Amino acid sequence: KAGVTQTPRYLIKTRGQQVTLSCSPISGHRSVSWYQQTPGQGLQFLFEYFSETQRNKGNFPGRFSGRQFSNSRSEMNVSTLELGDSALYLCASSSLAGVTTDTQYFGPGTRLTVL
Amino acid sequence: AQKITQTQPGMFVQEKEAVTLDCTYDTSDPSYGLFWYKQPSSGEMIFLIYQGSYDQQNATEGRYSLNFQKARKSANLVISASQLGDSAMYFCAMREAGTGNQFYFGTGTSLTVIP
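Respectively, the protein sequence lines represent chains V and S. FYI, in the working numbering the residues of the first sequence are 39 to 153. FYI, in the working numbering the residues of the second sequence are 6 to 120.
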């Protein structure tokens, strides 16, 4: 079974631009979560989608948004990029949502650099 | 208060020796799950092991075992017979039923295996 895939793997953008990251979950998984990882802040939860609905949202400004499609693929968008948005963005999928025993499986990440 | 605390920023272990990575957690929810992930320098988070709050026995997966001490709220990862490929960041995580089963991650421990 194929794992979680994320595209693109690397991105370089300039301040003020916007960016869209894509995540395809493991086949059959319906929950997709996004995380931002930086050396200073560690792993921070952005949001979780299940069946095209946002279930949970972390403490990030409205410039960060996401959506999920009917095939469970998810996209994350960051508008008006700032230097501090440079990070590794990780996507994780799980088969269900809201189940304590359910494991999240991560993709390889998208490394975003904002110049 | 931090949900997950990993107090060892960096650890060194000799090849073929065992090593314990510490993790303590904070929850008043009776239903929760504890997870360990490995993150090599490539960036991808790899799931290692899971322990449920109601599990009576410590979880084991090959060379990985989880030393679960519920009363002390600790979930230490034990890696036996360390290999050079075990050098990576290790993250402890928890999800609890009461907060929508959102994942909470610790700050990680960097493990270096010395030949």
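Think of the CB as a built atom: it goes at the ideal place given N, C-alpha and C, for glycine as much as any other residue. Being a predicted model, the structure only gives us computed values, none of them experimental.
Within chain S, no C-beta atom comes less than 7 Å from the C-beta of E90(V); the nearest is roughly 17 Å away. Looking at the backbone, the Cα of T29(S) and that of K51(V) are separated by about 38 Å. Beta-bridge annotation (DSSP): Y59(S) is not paired with any residue. Per the coordinates, the alpha-carbon of I51(S) lies some 8 Å from the alpha-carbon of P45(S). Under the Cβ distance rule, M50(S) counts among the residues neighbouring chain V, one pair being separated by less than 8 Å. Assigned with DSSP and collapsed to three states, L53(S) falls in strand.
Taking 8 Å as the cut-off, the beta carbon of G66(V) is found no closer than this to the beta carbon of G113(S). Sixteen is the threshold: since fewer than 16 other Cβ atoms of the shown chains lie within 10 Å of the Cβ of P99(V), the residue is exposed.
Residue pairing from DSSP places T65(S) in a beta bridge opposite S70(S). Between A98(S) and Y37(S), the C-beta spacing is not below 8 Å.
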